[in-house]
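2 protein chains.
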Amino acid sequence: MKRMKCIISYDGTGFFGYQIQPGKRTVQQEIEAVLKRMHKGEEVRIYASGRTDAGVHAQGQVIHFDTPLEIAQERWIAALNTQLPEDIAVHHAEAVSPKFHARYDVVSKEYRYRVMLGRGKNVFLRHYAHFYPYSLNIEAIEAAIQHLKGTHDFTSFCSAKTEIEDKVRTIYEIDVQQQGEEIIFRFIGNGFLYNMVRIMVGTLLDVGQGKLHADEIPSILKQMDRRSAGKTAPGHGLYLWQVNY
Amino acid sequence: MKRMKCIISYDGTGFFGYQIQPGKRTVQQEIEAVLKRMHKGEEVRIYASGRTDAGVHAQGQVIHFDTPLEIAQERWIAALNTQLPEDIAVHHAEAVSPKFHARYDVVSKEYRYRVMLGRGKNVFLRHYAHFYPYSLNIEAIEAAIQHLKGTHDFTSFCSAKTEIEDKVRTIYEIDVQQQGEEIIFRFIGNGFLYNMVRIMVGTLLDVGQGKLHADEIPSILKQMDRRSAGKTAPGHGLYLWQVNY
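If you read the sequences in order, they're chains A and B. Read the first sequence against UniProt numbering and you will find it ends at 245, with the numbers running on by one and no gaps. Read the second sequence against UniProt numbering and you will find it ends at 245, with the numbers running on by one and no gaps.
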């Protein structure tokens with residue numbers, strides 16, 4: 001048995017998220033179906049760094065699985081890509097220690113979030129960016145970002161449904177870059193709670209529009225109440241960009 | 001009656017091309033369905049600068065139609081966009097002379113064609129660029145372009161099915177730009193025959209790969225035989241970019 005680690009990307013548009021759900025098309029189901037075929041009907045379970053929701057994209061999701069197949073490392077990429085659908089791609093495959101775990105060994109993750117500020121309907125980005133046709137005060141957003149960085153209890157910034165007890169996470173870096181009519185948020189942290197990036201984006205957009213003041217962020221964090229933060233920004237603007245081990 | 005001219009864009013992925021075909025989803029059918037609803041069941045025929053094939057995109061297609069509706073110019077855009085599907089957008093609408101015709105009055109058109117040279121599978125561009133994972137000699141392509149520019153009989157560069165008699169067209173400008181792993185072709189001409197841009201791209205890619213020499217282009221033109229030129233590049237890399245009147 002060899003443990004394989006793969007870096008994959010997917011266009012989230014056609015999936016009900018990463019995780020298997022009966023009767024729904026998911027990323028995990030598509031990959032496991034291909035592996036099952038390669039393993040002559042034997043089920044092969046894959047483990048990802050974490051799930052992604054419906055519509056959310058991945059540029060650098062990481063998975064692992066165990067296999068008895070004797071396939072050279074470089075052949076794995078081609079073997080998987082030819083059998084996987086067009087909206088899932090494998091970019092890297094390597095044999096790793098059997099102790100490696102795609103989820104438990106994560107040291108940090110990077111997410112990106114694309115926002116289109118243009119007023120026009122854009123047919124080419126409708127699945128790939130959140131349309132938010134407002135003028136934003138980027139300096140105010142940058143001021144708010146300073147309050148989110150660091151180690152905090154992010155209860156206010158995660159879905160009320162989150163079952164995990166410990167909601168303390170550390171965000172190493174957040175930045176926002178404007179490129180023409182588009183802004184891109186980048187978040188790097190040791191872990192992110194359910195919907196956390198999307199709620200931070202929703203809140204930062206409120207700040208950018210002047211609905212909320214940057215200096216209110218510390219009190220939102222302190223309230224530890226989901227209702228005190230902004231809306232959850234839609235999934236299709238979000239990209240799981242990179243996972244570090 | 002007022003004649004309206006509109007500039008529209010569409011993502012060609014979900015359409016069997018521009019023109020109405022029974023039982024198929026097309027751009028013309030979607031727009032005419034919305035206009036019929038706006039005109040209380042009355043059929044409104046739209047006329048475009050030209051058709052586009054299945055999978056081909058438009059950044060700046062132009063259409064016209066006649067309407068008795070008294071809607072202010074700037075309200076037309078919003079009225080159409082809210083009712084049209086997400087993959088068709090109206091960017092501009094204006095009342096024009098009843099003599100204006102979206103097809104017959106075209107002075108020139110610009111098409112663009114995106115080619116991805118990267119070797120990796122790219123889930124985000126699969127519908128928006130032609131994947132061509134080879135090293136290309138851009139200087140050779142530029143030399144070939146010089147032979148295509150100008151006024152020629154383009155019989156060799158159009159589908160053998162073309163019924164139009166006069167196959168002489170003038171190409172004012174062709175250029176190719178490299179941006180990282182991507183190259184973008186730009187074609188501006190007084191008119192383009194059926195599949196003409198896609199066959200020119202297929203032929204230029206042959207030149208870039210060294211399968212064909214740039215200096216062979218004049219003889220390909222002279223042969224007036226579709227079989228002498230290169231393959232028809234796929235539709236999903238092509239964009240009708242702008243129509244000039």
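Even glycine gets a Cβ: it sits at the ideal position worked out from N, Cα and C.
Chain B within 7 Å of residue i, Cβ atoms only
{"i": "GLY202 (chain A)", "result": "no"}
{"i": "GLU86 (chain A)", "result": "yes"}
{"i": "ASP53 (chain A)", "result": "no"}
{"i": "residue 255 (chain A)", "result": "Residue 255 (chain A) lies beyond the range of chain A shown here (1 to 245); nothing can be said about it."}
{"i": "ARG126 (chain A)", "result": "yes"}
{"i": "SER9 (chain A)", "result": "yes"}
{"i": "ASN137 (chain A)", "result": "no"}
Nearest-angstrom Cα separation, counted from residue j out to residue i
{"i": "LYS109 (chain B)", "j": "ILE188 (chain B)", "result": "6 Å"}
{"i": "TYR172 (chain B)", "j": "VAL90 (chain A)", "result": "42 Å"}
{"i": "GLU139 (chain B)", "j": "VAL123 (chain A)", "result": "34 Å"}
{"i": "PHE93 (chain B)", "j": "PRO133 (chain A)", "result": "It is worth fixing the name first, because residue 93 (chain B) is Ala in this sequence and not Phe. When rounded, the distance between both Cα atoms is 20 Å."}
{"i": "LEU193 (chain A)", "j": "CYS158 (chain A)", "result": "6 Å"}
{"i": "TYR18 (chain B)", "j": "PRO98 (chain B)", "result": "23 Å"}
{"i": "LEU136 (chain B)", "j": "GLN28 (chain B)", "result": "37 Å"}
{"i": "ILE46 (chain A)", "j": "THR232 (chain A)", "result": "29 Å"}
{"i": "ILE141 (chain B)", "j": "TYR128 (chain B)", "result": "22 Å"}
{"i": "ASN244 (chain A)", "j": "LEU238 (chain A)", "result": "18 Å"}
{"i": "LEU204 (chain A)", "j": "ASP215 (chain B)", "result": "57 Å"}
{"i": "THR26 (chain A)", "j": "GLN61 (chain A)", "result": "14 Å"}
{"i": "THR221 (chain B)", "j": "VAL56 (chain A)", "result": "Per the sequence presented here, residue 221 (chain B) reads as Leu, with Thr not at that position. Using only the alpha carbons, I get a separation of about 48 Å."}
{"i": "HIS64 (chain A)", "j": "GLY191 (chain B)", "result": "53 Å"}
{"i": "SER228 (chain A)", "j": "ALA143 (chain A)", "result": "18 Å"}
{"i": "GLY23 (chain B)", "j": "PHE16 (chain B)", "result": "10 Å"}
{"i": "LEU69 (chain A)", "j": "LEU84 (chain A)", "result": "18 Å"}
{"i": "LEU80 (chain B)", "j": "THR67 (chain B)", "result": "13 Å"}
{"i": "ALA95 (chain B)", "j": "GLU165 (chain B)", "result": "34 Å"}
{"i": "HIS152 (chain A)", "j": "HIS213 (chain A)", "result": "19 Å"}
{"i": "THR155 (chain A)", "j": "VAL115 (chain A)", "result": "24 Å"}
{"i": "LYS5 (chain B)", "j": "GLY14 (chain B)", "result": "24 Å"}
{"i": "THR82 (chain A)", "j": "LYS121 (chain B)", "result": "10 Å"}
{"i": "GLU182 (chain A)", "j": "GLY118 (chain A)", "result": "7 Å"}
Range of the contiguous beta strand (DSSP E) that encloses residue i
{"i": "GLU173 (chain A)", "result": "168-179"}
{"i": "GLU182 (chain B)", "result": "182-189"}
{"i": "ASP153 (chain A)", "result": "150-153"}
Residue i at chain A interface by Cβ criterion, 7 Å
{"i": "PHE192 (chain B)", "result": "no"}
{"i": "VAL123 (chain B)", "result": "yes"}
{"i": "ALA33 (chain B)", "result": "no"}
{"i": "ALA89 (chain B)", "result": "yes"}
{"i": "ASN244 (chain B)", "result": "no"}
{"i": "GLY120 (chain B)", "result": "yes"}
{"i": "ASN195 (chain B)", "result": "no"}
Those residues which DSSP pairs with residue i across a bridge
{"i": "LEU238 (chain B)", "result": "B:TYR113"}
{"i": "HIS130 (chain B)", "result": "B:VAL115"}
{"i": "HIS2 (chain A)", "result": "The sequence as given places Lys at residue 2 (chain A); His does not occur at that position. A:THR67."}
{"i": "GLU94 (chain A)", "result": "A:LYS5"}
{"i": "VAL243 (chain A)", "result": "A:LYS109"}
Where the alpha helix (DSSP H) containing residue i begins and where it ends
{"i": "THR203 (chain B)", "result": "196-209"}
{"i": "LYS99 (chain B)", "result": "Element bounds for LYS99 (chain B): n/a, residue is neither H nor E."}
{"i": "ILE220 (chain B)", "result": "217-223"}
Where are the alpha helix (DSSP H) runs, 4 residues long or more, that stay fully inside the stretch 5-91 of chain B, in chain order? 27-38 and 73-83
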